[in-house]
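Following: one structure in structure tokens, then a few remarks.
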Amino acid sequence: MKKYRVQTENWMSEEFVDLKDAVDEYEDTKDKVMGEGVTEDSYVELVSSEDDFEDYEIVKRAVVVVDEEAMAISTPREAGRDWDYWAKWQD
């Protein structure tokens, strides 16, 4: 049976049998990770497996990139924040 899981560079979700539930977790995880702070190495993956994740296939992957549009308006430091750049997810 195909199962799904969401993972980041330092976390893995529970396993899902329904793709819709896994996609919901993927989107929620992107929001949560971004809210907690990201680095240039941050990512979120939705993966699938038919062998209890001995091997898996990446269904979706989002990586952090600098949000150039937001940076053109102001930097986080100019906005009173304690970080150097605005970030967003790129699928």
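Just so we're aligned, residue 80 is where the sequence shown starts under our numbering, counting upward by one.
All C-beta atoms in this analysis are idealised placements derived from N, C-alpha and C, irrespective of residue type, glycine included.
Treat the numbers as computed from the prediction; the structure is a model and nothing was measured.
DSSP state of residue i mapped onto helix, strand, coil
i: R84; result: strand
i: W168; result: strand
Residue i versus residue j: straight-line alpha-carbon distance, rounded
i: G159; j: S153; result: 10 Å
i: E115; j: V85; result: 17 Å
i: D163; j: E136; result: 34 Å
i: E147; j: R140; result: 20 Å
i: Q169; j: W90; result: 19 Å
i: T87; j: S127; result: 14 Å
Classification of residue i by the beta-carbon crowding that lies within 10 angstroms, buried from 16 upward
i: T108; result: buried
### Within the stretch 89 to 154, ranges of the alpha helix (DSSP H) (whole runs, at least 4 residues)
If we require 4 residues or more, the alpha helix (DSSP H) runs fully inside the stretch 89 to 154 come out as 98 to 115 and 147 to 152.
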